[in-house]
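Down below is the structure, laid out as structure tokens.
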Amino acid sequence: MKGRARHAGGRALLKALLAVFGLVLSVVLLSTAFFKWNLSGTGPLLQPRFPLGDFVRDLPRHLVWLVPFMLLQASIIPLRAVQWQRTLRRHVPLKERYHLVAIGAFVHNALPGKLGDVMRSFLLSRTQRIPFLRCLGTVGVCKLMEFAALMLLVMLSLLGPFGRTLSRFEGELKVAVLLCVGLVALVVFLAHWSGPLAFALHRRHKLPRVEGFLHHVSEGLGTARSFTGMAKVFVFSVAPVLASALAYGLALHGIGISGGLFAGAVVLGAISLGQSLPGVPAGMGIYYFVTSWAARSLGASPEDAAAFATLTHLGTVISQVAVGAVSVHLRKIRIRDLRKGGSLAREAASHVAHDAVEPARS
Numbered sequence: 001m002k003g004r005a006r007h008a009g010g011r012a013l014l015k016a017l018l019a020v021f022g023l024v025l026s027v028v029l030l031s032t033a034f035f036k037w038n039l040s041g042t043g044p045l046l047q048p049r050f051p052l053g054d055f056v057r058d059l060p061r062h063l064v065w066l067v068p069f070m071l072l073q074a075s076i077i078p079l080r081a082v083q084w085q086r087t088l089r090r091h092v093p094l095k096e097r098y099h100l101v102a103i104g105a106f107v108h109n110a111l112p113g114k115l116g117d118v119m120r121s122f123l124l125s126r127t128q129r130i131p132f133l134r135c136l137g138t139v140g141v142c143k144l145m146e147f148a149a150l151m152l153l154v155m156l157s158l159l160g161p162f163g164r165t166l167s168r169f170e171g172e173l174k175v176a177v178l179l180c181v182g183l184v185a186l187v188v189f190l191a192h193w194s195g196p197l198a199f200a201l202h203r204r205h206k207l208p209r210v211e212g213f214l215h216h217v218s219e220g221l222g223t224a225r226s227f228t229g230m231a232k233v234f235v236f237s238v239a240p241v242l243a244s245a246l247a248y249g250l251a252l253h254g255i256g257i258s259g260g261l262f263a264g265a266v267v268l269g270a271i272s273l274g275q276s277l278p279g280v281p282a283g284m285g286i287y288y289f290v291t292s293w294a295a296r297s298l299g300a301s302p303e304d305a306a307a308f309a310t311l312t313h314l315g316t317v318i319s320q321v322a323v324g325a326v327s328v329h330l331r332k333i334r335i336r337d338l339r340k341g342g343s344l345a346r347e348a349a350s351h352v353a354h355d356a357v358e359p360a361r362s
């Protein structure tokens with residue numbers, strides 16, 4: 001009992017240290033939108049990029065682009081609900097998919113950990129009696145095809161008026177495209193070979209949990225076994241990506257960047273790469289750092305770049321949390337239940353372990 005209590009105490013201490021580290025890192029990154037860090041030792045450590053009082057007073061003039069930005073960001077939820085059915089082998093009513101995507105968006109934006117996609121997968125597993133890993137696999141294919149659609153939009157944006165300016169990101173773009181191709185290849189490989197590997201383990205009566213894991217991965221990634229299936233998912237993935245890219249393009253245009261509509265996809269790509277890993281504790285700081293740096297690189301003044309970062313963040317959070325809160329209320333889900341990330345992971349793992357023997361039985 002003492003050893004177990006000591007282990008639990010050490011784990012709690014580690015979590016606390018990680019939380020403090022994440023908070024400090026996030027604050028440092030966020031501050032770069034408003035301050036310059038002077039590490040030379042001469043002068044103050046933080047130097048304001050602009051008068052903060054004037055910045056606050058000037059924020060209302062950005063409402064002209066903030067409202068359409070929020071509407072476009074809110075539209076991503078129903079568009080993803082439509083997209084999701086392309087990867088599901090069983091028909092799930094659109095209303096159900098919409099609520100689950102909305103609840104996932106609420107969790108992603110209102111609670112720490114960026115576990116919205118995990119949450120919507122888990123809720124689909126519970127409501128539709130589908131193994132958790134299969135649900136998570138379908139969401140994974142959706143996210144991968146959104147990433148591929150985003151890379152296509154970024155490449156097309158190089159043909160716009162910011163082609164020369166955006167060419168400075170050519171190296172990063174090549175890395176992102178190679179990453180996308182590698183992920184697609186990995187998913188296709190797993191989709192084709194997870195099933196045969198699970199069957200081979202079943203014949204040898206070895207590693208039943210690994211067998212179940214591979215079986216559910218194969219089912220969840222089933223769409224990737226067909227070029228036609230992947231193409232359909234890709235087509236339905238363009239709409240949510242285009243809506244978000246257009247939102248950021250309108251925001252860039254709104255802060256005075258001529259031709260900024262063509263650069264929205266590039267900013268969105270930078271945000272997506274910076275916040276790609278769930279559970280990263282410095283997500284908000286990374287967002288402010290990336291968006292303000294990108295806006296300044298495209299010609300915005302430091303003040304407008306900070307307004308761009310601040311208002312796009314608030315606009316995204318408010319719009320998606322508001323839409324998601326309606327679904328949370330209608331489904332009568334308690335916020336404290338959504339906050340139990342650890343319990344969610346343990347319960348999902350227990351579902352996987354329980355379902356591991358199902359393929360052999362069937």
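In terms of this note's numbering, the sequence shown opens at residue 1 and continues consecutively.
Beta carbons: idealized from backbone N, C-alpha and C, even for Gly.
Every value quoted in this text rests on a predicted model; they were computed, and no experiment measured them.
How would you call Ser258, buried or exposed, if buried means at least 16 neighbouring beta carbons within 10 angstroms?
exposed
Under the rule that 16 or more other beta-carbon atoms within 10 Å means buried, what is Pro44, buried or exposed?
exposed
Write down the C-beta distance between Trp65 and Leu268 rounded to the nearest angstrom, noting that I regard them as a contact closer than 8 Å.
So it is not a contact: roughly 16 Å between Cβ atoms.
For Leu298, tell me which candidate among Tyr248, Val321, Met284, Ile335 has the shortest Cα-Cα distance.
Tyr248
Return the CA-CA distance between Gln444 and Val27, expressed in angstroms with no decimal places.
Only positions 1 to 362 of the chain appear in this structure, which leaves residue 444 out of reach.
How many Å lie between Val107 and Leu338 at the Cα?
Near 7 Å, if we compare the C-alpha coordinates of Leu338 and Val107.
Mapping DSSP to helix, strand and coil, what is Leu221?
coil
Identify whether Lys95 lies in helix, strand or coil by the three-state DSSP scheme.
helix
Would you call Asp117 buried or exposed, if buried means 16 or more other Cβ atoms sit within 10 Å of its Cβ?
Under this definition Asp117 is a buried residue.
What's the C-alpha gap between Leu18 and Arg204?
43 Å
Go through the region 100-177 residue by residue and report every complete run of the alpha helix (DSSP H) that reaches 4 residues or more, in order.
116-128, 132-157, 163-166
Considering just the uninterrupted stretch of the beta strand (DSSP E) at Lys36, what are its terminal residues?
35-37
Which ranges does the alpha helix (DSSP H) cover as unbroken runs of at least 4 residues, wholly within the region 52-85, from first to last along the chain?
52-58, 63-84
With H, G and I counted as helix, E and B as strand and the rest as coil, what does DSSP make of Leu46?
strand
Near Gly222, which residues of its chain fall below 7 Å by C-beta distance, leaving aside the five closest residues on each side in sequence?
Arg89, Ala191
With Lys232 as the anchor, note down where its alpha helix (DSSP H) starts and where it stops.
227-254
Among residues of its own chain, excluding the 5 on either side of Ser79, which ones have a beta-carbon nearer than 7 Å to its beta-carbon?
Here residue 79 turns out to be Leu, not Ser, going by the sequence shown. For Leu79, where only same-chain residues beyond five positions count, the Cβ hits under 7 Å are Ala239, Pro240, Ala243.
To the nearest angstrom, how far is the alpha carbon of Glu146 from that of Leu311?
Cα to Cα, Glu146 sits roughly 24 Å from Leu311.
Taking the Cβ atom as the reference point for each residue, do Gly283 and Ala110 lie within a distance shorter than 9 Å?
The answer is no: Cβ separation not under 9 Å.
Would you identify the three-state DSSP class for Arg203, choosing helix, strand or coil?
DSSP, reduced to helix, strand and coil, places Arg203 within a helical segment of the structure shown.
For Pro363, tell me which candidate among Leu252, Ala16, Arg134, Lys95 has the shortest Cα-Cα distance.
Nothing about residue 363 can be reported from this structure: the residues present for the chain run from 1 to 362 only.
If we count the other Cβ atoms within 10 Å of its Cβ and call it buried at 16 or more, is Arg134 buried or exposed?
Taking all protein chains in view, the Cβ of Arg134 is crowded by 16 or more other Cβ atoms within 10 Å, so the residue is classified as buried.
Going by alpha carbons, who is nearest to Ser218 out of Ala263, Val181, Phe236, Phe199?
Phe199
Suppose the cutoff is 7 Å on Cβ atoms and the five residues either side in sequence are ignored; what does the same chain contact list for Pro302 look like?
Arg49, Phe50, Arg296
Using C-beta distances below 8 Å, list every residue in its chain close to Val321, excluding the 5 sequence neighbours before and after it, in chain order.
Within the same chain, Cβ atoms closer than 8 Å to the Cβ of Val321 are found at Ala105, Phe106, Asn109, Ala110, the five residues on either side in sequence being excluded.
Near Leu197, what residues of its chain come up, given a Cβ to Cβ distance below 7 Å and the 5 sequence neighbours on each side ignored?
Leu214
Note down, in chain order, each residue of its chain lying with its Cβ closer than 6 Å to the Cβ of Phe289, except the 5 sequence neighbours on either side.
Leu29, Thr32
Taking C-alpha atoms, which residue in Gln85, Gly113, Val187 lies nearest to Gly22?
Gly113
Does DSSP classify Ile257 as helix, strand or coil?
coil
CA-CA distance, Ala307 and Arg225?
45 Å
Taking the alpha-carbon positions, what's the Ser237 to Ile77 distance?
For the pair Ser237 and Ile77, the Cα-to-Cα distance works out to about 12 Å.
So Val101 and Arg120 are in contact, right, with Cβ under 8 Å, and what is the actual spacing, rounded?
6 Å
Return the CA-CA distance between Leu115 and Thr42, expressed in angstroms with no decimal places.
43 Å
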